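Novice: Residue numbers (the numbering used here), protein chains in the order written: chain A, 37 to 194; chain B, 37 to 194.
Number of protein chains: 2
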Amino acid sequence: MLRISRLTDYATVILAALARSPVPQMTAASLAARTRIAPPTVSKLLKQLHRAGLVASTRGLHGGYQLAKGADDISAAAILDALEGPLALTECSSRESQCDIEGHCRVSRAWQGVNGAIRRSLQDVTLAQLAGLENEPTRLPVLEQEVKFIATRTRGAS
Amino acid sequence: MLRISRLTDYATVILAALARSPVPQMTAASLAARTRIAPPTVSKLLKQLHRAGLVASTRGLHGGYQLAKGADDISAAAILDALEGPLALTECSSRESQCDIEGHCRVSRAWQGVNGAIRRSLQDVTLAQLAGLENEPTRLPVLEQEVKFIATRTRGAS
DNA sequence: CTTAAAGAGGACTAAAATAGTCCCCTATGC
DNA sequence: GCATAGGGGACTATTTTAGTCCTCTTTAAG
Numbered sequence: 037m038l039r040i041s042r043l044t045d046y047a048t049v050i051l052a053a054l055a056r057s058p059v060p061q062m063t064a065a066s067l068a069a070r071t072r073i074a075p076p077t078v079s080k081l082l083k084q085l086h087r088a089g090l091v092a093s094t095r096g097l098h099g100g101y102q103l104a105k106g107a108d109d110i111s112a113a114a115i116l117d118a119l120e121g122p123l124a125l126t127e128c129s130s131r132e133s134q135c136d137i138e139g140h141c142r143v144s145r146a147w148q149g150v151n152g153a154i155r156r157s158l159q160d161v162t163l164a165q166l167a168g169l170e171n172e173p174t175r176l177p178v179l180e181q182e183v184k185f186i187a188t189r190t191r192g193a194s
Numbered sequence: 037m038l039r040i041s042r043l044t045d046y047a048t049v050i051l052a053a054l055a056r057s058p059v060p061q062m063t064a065a066s067l068a069a070r071t072r073i074a075p076p077t078v079s080k081l082l083k084q085l086h087r088a089g090l091v092a093s094t095r096g097l098h099g100g101y102q103l104a105k106g107a108d109d110i111s112a113a114a115i116l117d118a119l120e121g122p123l124a125l126t127e128c129s130s131r132e133s134q135c136d137i138e139g140h141c142r143v144s145r146a147w148q149g150v151n152g153a154i155r156r157s158l159q160d161v162t163l164a165q166l167a168g169l170e171n172e173p174t175r176l177p178v179l180e181q182e183v184k185f186i187a188t189r190t191r192g193a194s
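1. Looking at the C-beta of Ile40 of chain A, does it have a partner C-beta in chain B at a distance below 8 Å?
2. Report the three-state DSSP secondary structure of Leu103 of chain A (helix, strand or coil).
3. When the Cα of Arg162 of chain A is compared with those of A:Asp109, A:Val143 and A:Gly152, which residue comes out closest?
4. Decide if Ser130 of chain A is buried, meaning its Cβ has at least 16 other Cβ atoms within 10 Å, or exposed.
5. In this structure, does DSSP put Val49 of chain B in helix, strand or coil?
6. Would you say Gly106 of chain A lies against chain B (beta-carbon separation less than 8 Å)?
7. Please compile the residues from chain A whose C-beta is within a distance smaller than 9 Å of the C-beta of Gly168 of chain B.
8. For chain B, is any of its Cβ atoms less than 8 Å away from the one on Val150 of chain A?
9. Do Ala47 of chain A and Leu81 of chain A come within 8 Å of each other at the CB atom, strictly closer than that value?
10. I need the straight-line Cα distance from Gly99 of chain A to Ala153 of chain A, nearest angstrom please.
11. Specify the secondary structure class of Thr27 of chain B as computed by DSSP and reduced to three states.
12. Mind listing the chain B neighbours of Thr63 of chain A? Cutoff is C-beta to C-beta under 7 Å, in chain order.
13. In whole angstroms, give me the CA-to-CA distance for Val143 of chain B and Ala167 of chain A.
14. How about Leu51 of chain A and Met62 of chain A: do their beta carbons lie closer than 8 Å?
15. Between Leu43 of chain A and chain B, is any beta-carbon pair separated by less than 8 Å?
16. State the CB to CB distance for the pair Gln159 of chain A and Ala92 of chain A, rounded to an integer number of angstroms; the pair is presumed to be in contact (CB under 8 Å).
17. Buried or exposed, going by whether 16 or more other CB atoms sit within 10 Å of the CB of Thr44 of chain A?
18. Does the beta carbon of Leu67 of chain A sit closer than 8 Å to a beta carbon anywhere in chain B?
19. Determine the burial state of Leu97 of chain A: buried for a count of at least 16 other Cβ atoms within 10 Å of its Cβ, exposed for fewer.
20. So that I know if they touch, is there some Cβ in chain B lying closer than 8 Å to that of Leu85 of chain A?
Structure follows, in structure tokens:
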């Protein structure tokens, strides 16, 4: 339920690799090698991240990518936005035309509240945390049970 | 970003219609008429909701569906689970085989924290709220605080 | 001033998830 | 026993998502 797309997941891995890199700048190819994600895919993602202003690029020979801001200043929400756009939980909020369904909008509005809560939580998570650059373990006792529960059910539909 | 599927959205609309109905029992056809969702789709969803134990059914002539529990006792999380399964934010948690990607699991684990926060927030939203049966705004301070709290813990130190 | 390495942009194809429909079965009241 | 209602599931179509490839621009080195 509520999956983030694989590409978005990849993007966080790529950004995390950049954040952890000892040298600030890396080429798409070296990031691909480091992360083991297919090179064309890495390129594609870096371009998107560049357009979104999360990475800076240098063209030409000896070019490459680097983080446009500090790892603490890039939020999970920003990454999601870059890759998936500021999409809402429900379709209704973006396309209003087909809202023929009775009671739908009322329900939809309720989803927006949940959506806002999610968004806020995502804004509080930084790339530094995702990259494990903060000495704190990301896995907390509280969350283990949750993870286990989720792992129980295999197979992935939305 | 983070969309729920259209069918899940429909399901909430159907459940909300049931919750708001003056008579406790309604047929799939009448729910379809009421919500303007295509009848076969309504049937399909009601079957799924029935299997998940969210609605009770009566077969045969004068049959139909009704809520299996009070609208206060059905959470948004339960509806999501019924329709989409308790899936994780990232693919990694279900399929471990392909985790060839360096640093991926570390990142994935961080996502699980966010996932947990989302899950908890969904558990606090009831069908009664979704149906607009409670005069309460759906965006609750309590919920926000909860999410923020969890995000903080995920972050650890900082 | 040519060449090779790097990114930028976008077209295209392939694969998978999602949505939607249909058919046949079972149950039940009149 | 027949009309109405749900139960289960197969099937198809559509849409999204993922992934690859090609061509152009930029830039430093020689």
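For each residue, glycine too, the CB sits at the ideal point set by N, CA and C. All values reported here derive from a predicted model rather than from experimental measurement.
Specialist: In brief:
1. yes
2. strand
3. Note that residue 162 of chain A is Thr in the sequence shown, not Arg. Of the listed residues, the one whose Cα sits closest to Thr162 of chain A is A:Asp109.
4. Residue confidence for Ser130 of chain A is low, a pLDDT of 46 falling below 50, so the modelled location carries little weight and cannot support an answer.
5. helix
6. no
7. Gly139, Arg142, Val143, Arg145 and Ala146
8. yes
9. yes
10. 40 Å
11. Residue 27 of chain B cannot be examined here, being either before or after the span of chain B that is shown, 37 to 194.
12. Chain B residues near Thr63 of chain A: none, gap ~16 Å exceeds 7 Å.
13. 6 Å
14. no
15. no
16. Not confirmed; about 22 Å, so no contact.
17. buried
18. no
19. exposed
20. no
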